[in-house]
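Have a look at the structure below, then the notes.
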Amino acid sequence: MRRLAEKVESRIDRCRLMELPRVASRQGSITSVEGNVEIPFPIRRVYYLFDIPGEAARGGHAHKKLEQLLVAVMGSFDILVDDGKRQKRFHLDRAYKGLYIPTMVWRTLDNFSSGGICLVLASELYDEGDYYRDYRRFLQASTPAR
Ligand code: TYD
């Protein structure tokens, strides 16, 4: 039981900012990400959030199985991650930086700059059954039974 609790506690520390490979020249830059190479999962889906009003919050959910990498390919935004025990806030503002988020982390995106675009590389196809959208249910699932 204690080992399970330790696993839950360490989940927030597995959220990490990653500097992605960048090929820069006077003509501009290229950043590429390969699944299972720069990031610890195969990429099965790509989606992006755009036209986000500055006052809007997106996300507010966790995934049972899905891992993801978020990138501010344009502009900037903040990400609040929460594993049910601890929270951390990150800021993304460069197209060559990503935030890796493992499974079972509640994440909320806000403070989008004007024109901000969030690219999401995801380990799974879209599956509504993989979501926790109710924070209390997420907490119940992420806290080991006593
Ligand atoms: P959701 O993941 O809930 O985004 P957010 O938490 O940022 O609001 O998705 C919003 C809606 O878009 C939801 O009705 C499901 C739909 N959707 C898809 O159909 N396919 C996808 O790949 C994604 C990410 C969302």
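Start counting the sequence shown at 78; every next residue gets the next number (the working numbering). From the three backbone atoms N, C-alpha and C, an ideal C-beta is built for every residue, glycine too. Just so you know, these numbers come straight off a predicted model, no measurement behind them.
message = For a test of your reading of the model: does the CB of Arg121 fall under 7 Å from any non-hydrogen atom of ligand 3? Yes or no.
response = For ligand 3, the structure offers nothing, since it holds only ligand 1.
key: One or two residues paired with Lys165 in a DSSP bridge   = Val158
task = State the start and end residues of the unbroken alpha helix (DSSP H) segment that holds Ser219.
result = 212-219
Arg135: CB within 7 Å of a non-hydrogen atom of ligand 1 = yes
query = Would the beta-carbon of His140 be found less than 7 Å away from any heavy atom of ligand 1?
reply = no
request  = Would you tell me roughly how many angstroms separate the C-alpha atoms of Ser153 and Arg121, rounded to the nearest one?
outcome  = 24 Å
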